[in-house]
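**Q** Submitted below is the structure of interest, expressed as structure tokens.
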Amino acid sequence: MENEGSAPRAHVFNVPLGNDLCDVTAIWILQSAGADPLAISKNILLLPNNRAIKAMTEAFVRQAAPGMLLPRMVAVGDMQLDEALGPLLDPIDVGNAIWPAIAPFERLMLLAKLVQDYQPGAAPLSPAEALRLARKLAELIDALEVDLIDFTQFADIKIEADLAGHWQSAYARLLQILPAYRDALTARKLMGPAERRNHLLGALEQRLAQNVDMPPIIAVGITTSAKAVARVLRRVARMPNGYVVLPGVDLTLSDARWDDLSPCTEDNIGFGRRPNVEVHPQFHLKHLLERMGIDRSEIDVLPTARPEPEAAVISEIFCLPEHSIYWQELPPQRKALPHAKWLEAEDSAQEAKAIAVRIRGALEVAEKRVALITPDRELAVRVAGQLHRWGIDVDDSAGTPLLQTPPGTLALALVDAICSRFSASSILAIAKHPLVLAGSDRLDWLDHVRQLDLALRGTASGIGLAAITRRLQTARKPNEKLIAWWSNVATLLAPLESADGQLFQEVLASLRDVATALTDGGIWRGASGRELARNWEEVSSGNLAILGRVDATGLVATFKEIFSGAVVRPPYGGHPRVAIYGLLEARLQQADLVICSGLNEGTWPQIAQPDPWLAPAIRRHLKLPTLDRNIGLSAHDLATALGAQDVLLTRARRDRGGPTVASRFLLRIKALMGASLQADDALLAYADALDCPAEKEAFATRPLPMPNAEQRLVSLSVTDFDQLKSDPYSFYAKRILGLPVLEKVDAEPSYAWRGSLVHDILEKWFTHDNCAVDKLVARADALLAQEASDPLLRTLWQPRIAAGLRWVADETKRLMIEQGRVVAVAEQPGTIHIKGIAVRGRVDRIDRTADGDLVIIDYKTGIPPSTKQVNAGFALQLGLIGYMAEQRAIKGVSGTANHFEYWSLAKKKDVFGHIVVPTSTRASDKKPESDDFVVFAVEQAEAAISKWILGDAPFTAKLHPEFALYGDYDQLMRLQEWNGRQAIIEDAA
4 MENEGSAPRA HVFNVPLGND LCDVTAIWIL QSAGADPLAI SKNILLLPNN RAIKAMTEAF
64 VRQAAPGMLL PRMVAVGDMQ LDEALGPLLD PIDVGNAIWP AIAPFERLML LAKLVQDYQP
124 GAAPLSPAEA LRLARKLAEL IDALEVDLID FTQFADIKIE ADLAGHWQSA YARLLQILPA
184 YRDALTARKL MGPAERRNHL LGALEQRLAQ NVDMPPIIAV GITTSAKAVA RVLRRVARMP
244 NGYVVLPGVD LTLSDARWDD LSPCTEDNIG FGRRPNVEVH PQFHLKHLLE RMGIDRSEID
304 VLPTARPEPE AAVISEIFCL PEHSIYWQEL PPQRKALPHA KWLEAEDSAQ EAKAIAVRIR
364 GALEVAEKRV ALITPDRELA VRVAGQLHRW GIDVDDSAGT PLLQTPPGTL ALALVDAICS
424 RFSASSILAI AKHPLVLAGS DRLDWLDHVR QLDLALRGTA SGIGLAAITR RLQTARKPNE
484 KLIAWWSNVA TLLAPLESAD GQLFQEVLAS LRDVATALTD GGIWRGASGR ELARNWEEVS
544 SGNLAILGRV DATGLVATFK EIFSGAVVRP PYGGHPRVAI YGLLEARLQQ ADLVICSGLN
604 EGTWPQIAQP DPWLAPAIRR HLKLPTLDRN IGLSAHDLAT ALGAQDVLLT RARRDRGGPT
664 VASRFLLRIK ALMGASLQAD DALLAYADAL DCPAEKEAFA TRPLPMPNAE QRLVSLSVTD
724 FDQLKSDPYS FYAKRILGLP VLEKVDAEPS YAWRGSLVHD ILEKWFTHDN CAVDKLVARA
784 DALLAQEASD PLLRTLWQPR IAAGLRWVAD ETKRLMIEQG RVVAVAEQPG TIHIKGIAVR
844 GRVDRIDRTA DGDLVIIDYK TGIPPSTKQV NAGFALQLGL IGYMAEQRAI KGVSGTANHF
904 EYWSLAKKKD VFGHIVVPTS TRASDKKPES DDFVVFAVEQ AEAAISKWIL GDAPFTAKLH
964 PEFALYGDYD QLMRLQEWNG RQAIIEDAA
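Counting from 1 along the sequence shown, just add 3 to a position and that's the residue number in my numbering.
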């Protein structure tokens, strides 16, 4: 370091790419201190953020002997990481000279209120949308204050007439909101965070100017070009004992190329476009130097750093597009990075596995440090999970969104229950949550939850907690213990049922109490729980009047907006040689092996979301950073990472959202380096081998179960024959193995559900109304319009079912008048024996004609069976019901069944309801004759019983797939493994 009497000049040093900034700076400071071990402690280090303090501390530990006193390290504070200034910059004795900063949530509520107050038009914004716009407005205000742009400058901007209407409207609102925001802060004697930061940095600059004899002060790794920060750095650089150390300034870049990176000047300000130079990784550094008043020629390389040949290659990779035409003239050594490899996985799961294998291999080398840098947080979680294979615990330093942690997911599940009006799926999500009743009674609790899960399968029959209680009480076999257990659970959740229409503050209090009761306070424990409690307290104590009364349908969106910025960062204590960083956290960090992952467009670089408040042309006029500035910062992050000793670049061709596009950065690297960039294909093979069994399991063949004669003797229903003949395996699973089909929770209304509902209505119509035509539609409306019914079901299905039933009533009345028909029986069970096997059935309806013949009717809510199905020996239900009637197996009816009809309630030719006759009505229709239909059905049933029930035929899976209408047991039969291969397998056998 220079002595006090040295010539005054800027003390700005550069650490070229390829050097560990923290290590070489620590060595330089140690060497400058000489033999005096206490001299180091007199130094003051200004660092960008708290992560940088940790990295610098570790660097001193690596480079110095034990017992060293560290220099004083102070964080300037990264607003993107929501960090405050260190105590040196924000002293306690600041007094009333600088007002305190407004609390983040208080500020959000204030801006949301202003957004609502100045909303054009009569339609108010939803709370969630007001909060979203307020959050974006806060970001804009911060950007304005960071660049010291006074709000009054907005009024002087002349808006061009061709600016889109929505931009002009947004600009007009800003002219109203910004002064109102300033007045509100002044009335409260508060400041915005960026404004207060500017004042504190200005005060620091003044103290530095007045105390030139301060101990050595060194600013390390600060690259933000904010004006207030640039002024402090300029002051530090001009002090006798002041030094600024910058990372990765390209001193070898030609002057012409460096000048091309200049930001806009007075000559090119305005609404016209200019060359997009902000995407270059050196742009923000050049911008910072210009604001510091430092020419690039004044920068020296830090004495302990060394220029690396790879730096020139990295510089070429990220050159401006117009300069890439000179790549062809470069020598081979200027187009190669021998220490870098790349990997392209099929999907993000394979990518994560390959990264984990590479990290595990690197740890075999003593003291080797590994860093994974990725903006893809999902990929980071996958890698951390894969590393658990070897007991390696590593935390993602970028943190986990609060609402994705266990306490956050439980809070969100409770809110979702309110929003969905306590649907079965939301109740089960709460009951199954690992924090709920996590004590010694957990196993008993889970037993009841599993029983509740089974009981709530299928289409919901109502809304609210009472609907679930009614569903349990009216089950075919009510479980009294389950009902009693559910009653206690419903009592716990009951305070949330009245949330709709309450004040938001009251709903938050109810959510807090219910969550505490369900978890015995466990939701507030641990790092995630404490962070949730802190945020909850901040929100609860704020002014929530802007949110008004709760609208249950939008509560989830509002809740997510309120807590969207909350992040839980892991405490230190993971693996000492492995780290996972986001792009912000990776700055100033270094490792022996650096893995840059998620190199897909939209991920790295991330595409900035458009600003809803300020048009791009106005941003350029105000000299604000454009939305492309983040692309340049992302490029610099990658350029810094490429300077490590060993680098692996990875991407996946597909992620959860579908096919991906390679990052523009990766495409540039491959374009420049060509074949010299090696692909690490062996790593993918190792990754695949992790879960690859020693012997590959052969594909399953088509199942052919052969139960013994005793097991085959099961009773059948008249509807079982279709399944038995088309897909014997499904019959085997259902009737012989006794495996019932599990419907989904909150399943969509199916044909079976609609059929059951229609049959229930028609049964009551027959038993209670004596088939009075005028009472059928009224009964349907009464059933579907009850207050507890799901509004969606009422809206979607009530008109359709009512229209179909109205047709049934009208058609019944017409046939009574025109043909003299009478309804003989409806919804009656019956049982007959065919070849000694009991066959049971339930008749939908039987009419008697004027001449005494029976008409067998089957109601269908969907499409009736086709002629092809009937002729092939399927759809035997009508014929077998006719056989039961003729054999007097159905109570209250006897006679000859000569007429068979399907009454479909489905729409045909824009009209609900039509009759389909499965028997012949004319010579050319190729249908069985009505006189022979019963005999035909019985013969088909006898053949099926003889073959599978009394015989020894295998229960072949999908024997006639064209008639196998349902796939409930496809997974059990492993259909996807053999379907399409069975012909090859069977021919080979």
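Yeah, the Cβ is synthetic: ideal placement off N, Cα and C, and Gly gets one too.
All values derive from a computational prediction rather than experimental measurement.
Using the beta-carbon count (16 or more within 10 Å), is G442 buried or exposed?
**A** exposed
**Q** Going by CA-CA distance only, name the one from R757, L340, Q831, P613 that's closest to E142.
**A** P613
**Q** Can the beta-carbon of E766 be found closer than 8 Å to that of A829?
**A** yes
**Q** I'd like the ranges of any beta strand (DSSP E) spanning at least 3 consecutive residues and lying wholly in the stretch 210–249.
**A** 220–223
**Q** Whole angstroms is fine: what's the gap from R277's alpha carbon to A611's?
**A** Below a pLDDT of 50, predicted positions are generally treated as unreliable, and R277, at 48, falls in that range; the measurement from the model is reported next regardless. Spanning the two alpha carbons is a distance of roughly 19 Å.
**Q** Rounded to whole angstroms, how far is the Cβ of G577 from the Cβ of V397, which I believe are closer than 8 Å?
**A** 5 Å
**Q** Once DSSP output is grouped into helix, strand and coil, what is the label at G601?
**A** DSSP places G601 outside both helix and strand once states are collapsed to three, so it counts as coil.
**Q** Just to confirm the assignment, what range does the beta strand (DSSP E) spanning T653 have?
**A** 649–658
**Q** For P127 and L177, what's the separation of their Cα atoms in angstroms?
**A** 17 Å
**Q** Under DSSP, the alpha helix (DSSP H) around H14 begins and ends at which residues?
**A** H14 -> no alpha helix (DSSP H), and no H or E assigned at all.
**Q** Would you decide whether W810 is buried or exposed? Buried here means 16 or more other CB atoms lie within 10 Å of its CB.
**A** buried
**Q** Assign R75 to one of three DSSP states: helix, strand, or coil.
**A** strand
**Q** Quick check on this structure: which residue in E381, S600, A414 has the alpha carbon closest to the alpha carbon of V510?
**A** A414
**Q** Just to confirm the assignment: which complete beta strand (DSSP E) runs, minimum length 3, are found wholly within the stretch 844–901?
**A** 857–863
**Q** With distance defined between alpha-carbon atoms, name the residue in V542, L181, E932 nearest to G195.
**A** L181
**Q** With a 10 Å radius around its C-beta and 16 neighbouring C-beta atoms as the bar for buried, classify H836 as buried or exposed.
**A** exposed
**Q** Nearest CA to the CA of A455: which residue from S426, L438, D444?
**A** Contrary to the premise, residue 455 reads as Leu rather than Ala in this sequence. Comparing Cα positions, the closest option is S426.
**Q** Less than 8 Å between C-beta atoms, sequence neighbours within five positions excluded: which residues of the same chain meet that for L457?
**A** L745
**Q** Within 8 Å, do at least three Cβ pairs link the stretch 402–421 to the stretch 615–629?
**A** no
**Q** Please confirm if the stretch 933–940 is in contact with the stretch 897–907, defined as three or more CB-CB distances below 8 Å between the two stretches.
**A** yes
**Q** Let's test the definition: count the other Cβ atoms within 10 Å of the Cβ of K289 and tell me whether it reaches 16, buried, or not, exposed.
**A** When all chains shown are included, K289 counts as buried.
**Q** Can you have a look at D186 and say buried or exposed, based on whether 16 or more other CB atoms are within 10 angstroms of its CB?
**A** Classified as exposed, D186 has fewer than 16 neighbouring CB atoms from the shown chains inside 10 Å of its CB.
**Q** If you compare alpha carbons, which of A812, S733, R738, L707 is closest to I764?
**A** A812
**Q** With C-beta atoms as the reference, is G51 less than 8 Å away from I220?
**A** According to the sequence shown, residue 51 is Pro rather than Gly. Contact: no.
**Q** Find out if the Cβ-Cβ distance for the pair I430, V439 is shorter than 8 Å.
**A** no
**Q** On the criterion of 16 or more Cβ atoms from any shown chain inside 10 Å, does R191 qualify as buried, or is it exposed?
**A** With fewer than 16 other CB atoms across the displayed protein chains lying within 10 angstroms of its CB, R191 is exposed.
**Q** If you draw a straight line from the C-alpha of R851 to the C-alpha of L857, how long is it?
**A** 5 Å
**Q** Taking the alpha helix (DSSP H) that W539 belongs to, which residues open and close that run?
**A** 529–543
**Q** Please work out which residues of its chain come closer than 7 Å, Cβ to Cβ, to A497, disregarding the five sequence neighbours upstream and downstream, and give them in chain order.
**A** L468
**Q** Does the beta-carbon of A520, which I'm using as the reference point, lie nearer than 7 Å to any heavy atom of the ligand SAH?
**A** This structure lacks the ligand SAH; in fact it carries no ligand of any kind.
**Q** With a Cβ-Cβ cutoff of 8 Å, do L20 and A642 count as a contact?
**A** yes
**Q** Would V64 be called buried (16 or more neighbouring beta carbons within 10 Å of its own) or exposed?
**A** It counts as exposed.
**Q** Suppose contacts are defined by Cβ-Cβ distances below 8 Å. Is D730 in contact with A967 by that definition?
**A** yes
**Q** Are A940 and L879 closer than 8 Å when you measure CB to CB?
**A** yes
**Q** State yes or no: is the C-beta of D399 within less than 8 Å of the C-beta of I583?
**A** Yes. Within cutoff.
**Q** When we look at the beta-carbon of E821 and count the other beta-carbons within 10 Å, is it buried (16 or more) or exposed?
**A** exposed
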